[in-house]
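Worksheet: one structure, shown below.
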Amino acid sequence: MFTYYSISAFINFLVSFLLGIFVLHKNRKEKLNRILSFWCFTVAFWSFFYFIWQIETKEQMALLWTRLLMLGAVWVPVAFLQTVVIFLKIEKEKKYLIIFSYILSSVFTFLLFTPLMVKKVEPTAGFEFWPKPGIAYIPFLVMFAGLSIYAVLLAYKSLKKETSPKIKLQIKYILFGMAISITAGSTNYFLWYDINIPPYGNILASTYVIFTVYVIIRHHLLNIKVIATEILSLGILLVSVVHILAAENFIKLVINLIIFIILLVFIIMLVRSVENEVRRKEELQKLTKKLAKANRKLKQLDRAKSEFISIASHQLRTPLGTVKGFVSLLMEGSYGEISEKVKEVLKKISTSNERLLSLVNDLLDLSRIEAGKMQYDFDYWQIEDIVQEIKDMLLLKAKEKGLYLKVDFPSPPLPKIRIDGAKIREVISNLVENAIKYTKRGGVEVNFKQENNLVRIIVSDTGIGIPQDEMLRLFSKFSRGKNVGRIDTDGTGLGLFVGRKIVKAHKGRIWAESEGENKGSRFIIELLIDGVEKEL
37 MFTYYSISAF INFLVSFLLG IFVLHKNRKE KLNRILSFWC FTVAFWSFFY
87 FIWQIETKEQ MALLWTRLLM LGAVWVPVAF LQTVVIFLKI EKEKKYLIIF
137 SYILSSVFTF LLFTPLMVKK VEPTAGFEFW PKPGIAYIPF LVMFAGLSIY
187 AVLLAYKSLK KETSPKIKLQ IKYILFGMAI SITAGSTNYF LWYDINIPPY
237 GNILASTYVI FTVYVIIRHH LLNIKVIATE ILSLGILLVS VVHILAAENF
287 IKLVINLIIF IILLVFIIML VRSVENEVRR KEELQKLTKK LAKANRKLKQ
337 LDRAKSEFIS IASHQLRTPL GTVKGFVSLL MEGSYGEISE KVKEVLKKIS
387 TSNERLLSLV NDLLDLSRIE AGKMQYDFDY WQIEDIVQEI KDMLLLKAKE
437 KGLYLKVDFP SPPLPKIRID GAKIREVISN LVENAIKYTK RGGVEVNFKQ
487 ENNLVRIIVS DTGIGIPQDE MLRLFSKFSR GKNVGRIDTD GTGLGLFVGR
537 KIVKAHKGRI WAESEGENKG SRFIIELLID GVEKEL
């Protein structure tokens with residue numbers, strides 16, 4: 037016959053057994069997990085035979101079941117003490133206490149099947165077969181209470197010393213669960229000595245198992261979403277178990293069992309789904325923190341690099357400017373006549389110096405852009421005048437290579453546009469100079485096109501062209517084409533990057549077009565006729 041006491045015992049068995057399996061499944065190689073699962077199984081063993089004892093109808097079998105349930109009870113306090121000791125990381129300090137506890141439990145185990153522990157069973161306070169103690173039962177109670185209370189004191193002592201809020205919270209959960217279980221479980225022992233207090237609290241006997249398993253296995257204390265899901269699921273399963281035990285006939289029992297199995301499968305899937313969701317969120321949070329930390333370090337390194345480049349470039353530009361001035365004076369004869377041979381050497385020095393100056397200027401522009409300190413002086417300019425200046429400056433270089441340099445000026449002239457003339461001159465000049473540099477035959481042509489509120493400056497050449505696989509990274513920092521390196525080994529790959537940044541600051545666009553290798557290329561700069569906002 038199923039009663040409150042038998043059902044509560046079965047619930048304790050089910051909870052403790054499932055938690056023991058869960059603990060082993062988490063990490064069976066970890067000693068803490070093995071001892072914790074052993075503790076769960078001792079409670080489950082005690083609860084199972086408590087349940088069998090409550091539904092037994094024969095005296096001799098009832099006596100056997102009470103002695104078997106005591107087998108679980110004998111090992112419960114030892115397993116609990118060792119679990120707490122391992123969790124608090126004081127196992128070495130309490131080594132001999134654990135050994136002594138195991139010896140005591142072994143002695144009581146040998147006494148279980150004698151009248152020294154359980155003398156007999158007889159009707160008591162409405163129970164058909166309630167056990168009566170032998171002379172060894174009081175020493176057992178002393179051991180049970182002593183080990184349990186000592187474990188609680190160890191946890192409480194550790195709570196006072198602990199500084200980690202997370203560990204302190206875990207210990208509080210253990211103490212709270214233990215307090216409930218000791219209070220509830222103690223109601224089992226009064227009837228042994230004919231004190232008329234039934235074991236009403238028996239259903240809460242596994243509370244400390246639940247609390248301890250949660251806080252130890254889930255070191256971070258379960259996410260509240262997971263806790264809520266698992267508690268709700270456990271409640272549903274327990275209700276289903278009660279329905280099974282209360283079945284009036286075989287058909288209802290089978291139906292209730294089928295419902296229980298379906299619920300169990302569904303709940304396992306639900307809990308796993310919630311746990312996976314929580315785990316992914318936690319992993320994402322950890323990854324986000326790591327990325328944020330790495331990003332901060334990268335920004336610091338980037339700032340340090342930019343500051344170094346800026347300082348180094350400023351320090352280099354002054355002596356390079358001085359060299360340029362003196363070389364120019366020497367070539368003009370300001371310090372006396374020089375031979376043609378010396379002039380050739382000075383010309384090479386001047387060319388190398390110009391390359392270095394160009395590199396320094398690019399690096400300075402790069403550091404200013406990355407630091408957000410690039411200054412712009414916007415005014416209204418005639419774009420054709422800027423291109424004419426560039427043509428006059430680079431025409432000789434084009435002729436020296438046997439190339440043409442044409443500019444197709446529009447008629448009527450384009451309207452003035454609001455730009456930083458010096459910066460745009462630098463961008464267009466770089467495009468034209470590159471076109472001359474990477475063209476062997478033919479030449480370079482500059483065209484203009486107006487569309488509504490836009491002006492386009494198009495620099496076309498008959499040079500080496502641009503392969504399609506290089507087009508995407510053409511305007512990247514320090515990026516140079518494969519064919520470019522064979523023609524010019526002194527480039528930095530910064531010109532187009534800086535140029536794109538300058539044009540972007542003008543709210544314009546710059547891009548390249550090419551039909552492929554050795555088919556020439558076109559670079560287009562697109563600027564607003566009305567210019568950028570005046571606050572710029």
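Residue numbers (our numbering): 37 to 572. Where is the CB? At the ideal position from N, CA and C, for every residue including glycine.
- From the listed residues 384, 393, 328, 332, the smallest Cα separation to residue 358 is found for 393.
- The Cβ atoms of residue 154 and residue 99 lie closer than 8 Å to each other.
- Beta-bridge partners of residue 443 (DSSP): 482.
- In this model, residue 501 and residue 552 are separated by some 6 Å (Cα to Cα).
- Of the residues 498, 420, 324, the one whose Cα lies closest to the Cα of residue 485 is 420.
- For residue 102, the enclosing alpha helix (DSSP H) begins and ends at 95–123.
- Between the region 79–93 and the region 122–132, the count of Cβ pairs shorter than 8 Å is below three; the stretches do not touch.
- Between residue 144 and residue 110, the C-beta spacing is below 8 Å.
- Here residue 430 is not near residue 460, since their CB atoms are 8 Å or more apart.
- By DSSP's assignment, residue 41 forms no beta bridge with any residue.
- If only complete runs of 3 or more residues are kept, the region 160–221 shows the beta strand (DSSP E) at 163–169, in order along the chain.
- Around the C-beta of residue 224, 16 or more other C-beta atoms lie within 10 Å, and the residue is accordingly described as buried.
- Residue pairing by DSSP places residue 511 in no beta bridge whatsoever.
- In the pairwise beta carbon analysis, the region 277–292 is classified as not touching the region 308–323: fewer than three pairs are separated by under 8 Å.
- Comparing alpha-carbon positions, the option among 292, 366, 412 lying closest to residue 385 turns out to be 366.
- Sequence-distant Cβ neighbours of residue 545 in its own chain, meaning closer than 7 Å and more than five residues away, are 539, 562.
- Closest by C-alpha distance to residue 474, out of 194, 439, 88, is 439.
- In terms of Cβ geometry, residue 463 and residue 443 do not form a close pair [threshold 8 Å].
- Within the same chain, and ignoring the five residues on either side of residue 183 in sequence, the residues whose Cβ sits closer than 8 Å to its Cβ are 113, 114, 116, 117, 137.
- Looking only at 437, 482, 174, 492, the smallest Cα-Cα distance to residue 452 is reached by 492.
- Using a Cβ distance threshold of 8 Å, residue 73 and residue 54 do not count as a contacting pair.
- Taking the C-beta atoms as reference points, residue 240 is found nearer than 8 Å to residue 220.
- In the DSSP assignment, residue 557 falls within the beta strand (DSSP E) that extends over 557–564.
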